[in-house]
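Q: This structure is in structure tokens; I'll ask about it shortly.
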Ligand SMILES: [Zn+2]
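Numbering (this note's numbering), first residue to last: 14 to 255.
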């Protein structure tokens, strides 16, 4: 059996061709890592996809999109079904939700934004969590907390009585954090901004998401709010099916 073109395994390419990100994610998930299995399991849909992409190299983008349109409603419906399956599995994974590992946070963020998670992320829910977020946070901090305490005390000791009336140890600690900390926008693990091991300008080593400045932390979305969004969407989907 012919194997779908390599471009069909890129969500970005598919989104452009289908003019629909949900349809692209659904097709990518259905093809997965085993295109032959897709052909066996979904012969009708696979035949339509193959027919659509048979001459994809030779037809202009606008025509490619036009020919894809009959596929889009079915694929978008499959996206909704797959998303609901993944969301239900996530919400029943109590151990993982309690551990709140960075990869789990990334999965939650993807589903909360209406995307499908990767197969490997979903498979990870079927085994016990390896480490908790708190353990990873302790590793990322290193001796930062001890240094913070010592620095705050030294700055406090250096203030005269008049200056102490206009500040507090908490204020000095906040200033220290603003100077020294950065935070992952997805798993919220806190890292050091300064020093030889800084991760400034890099992605989070625990979940591969973008790291932001500590002073921007107010705009981060808490894990609980993302989970509530997923529950709400699942509830709305159930209502629509009644
Ligand atoms: Zn992270």
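In this text, a Cβ means the ideal position worked out from N, Cα and C, and glycines have one as well.
Would you check whether ligand 1 has a heavy atom nearer than 7 Å to the C-beta of residue 195?
A: No, Cβ of residue 195 sits at least 7 Å from all heavy atoms of ligand 1.
Q: When the Cα of residue 251 is compared with those of 96, 26, 55, which residue comes out closest?
A: When only C-alpha atoms are compared, the closest one is 96.
Q: Excluding the 5 residues preceding and the 5 following residue 218 in the sequence, name in chain order all residues of the same chain whose CB lies nearer than 8 Å to its CB.
A: Contacts found: 212.
Q: So for residue 195, helix, strand or coil by DSSP?
A: Reduced to three states, the DSSP call for residue 195 is strand.
Q: Between which two residues does the alpha helix (DSSP H) carrying residue 226 extend?
A: Not the alpha helix (DSSP H): residue 226 falls in the beta strand (DSSP E), residues 224-226.
Q: With residue 247 as the anchor, note down where its alpha helix (DSSP H) starts and where it stops.
A: Here the alpha helix (DSSP H) through residue 247 covers 236-254.
Q: Apply the 10 Å Cβ neighbour rule to residue 46 and answer buried if 16 or more other Cβ atoms are within range, or exposed otherwise.
A: Result: exposed.
Q: Quick check: the Cα distance between residue 16 and residue 32, rounded to an integer number of angstroms?
A: For residue 16, the predicted model reports a pLDDT of 45, less than 50, meaning its position is unreliable; a value from the coordinates is still stated below. Residue 16 and residue 32: Cα-Cα distance of roughly 22 Å.
Q: For residue 42, does the count of other Cβ atoms within 10 angstroms reach 16, so buried, or fall short, so exposed?
A: With 16 or more Cβ atoms within 10 Å of its Cβ, residue 42 is classed as buried.
Q: Exposed or buried, what is residue 116 when buried is set at 16 or more other beta-carbons lying within 10 Å of its beta-carbon?
A: It is buried - the Cβ of residue 116 has at least 16 other Cβ atoms within 10 Å.
Q: DSSP has residue 189 in a bridge; who is on the other side?
A: Beta-bridge pairing links residue 189 to no other residue.
Q: Report the start-end ranges of each alpha helix (DSSP H) in the stretch 128-170 that is 4 residues or longer and not cut off at the edges.
A: Taking only runs of at least 4 residues, the alpha helix (DSSP H) segments lying wholly in the stretch 128-170 are 132-136, 146-154.
Q: Identify, in the order they occur along the chain, each residue of the same chain with its Cβ nearer than 6 Å to the Cβ of residue 112, setting aside the five sequence neighbours on each side.
A: Once the five neighbours on either side are set aside, the close Cβ partners of residue 112 are 142, 145.
Q: Within the continuous beta strand (DSSP E) that includes residue 260, where are the two ends?
A: Given a span of 14 to 255 for the chain in the structure shown, any question on residue 260 remains unanswerable.
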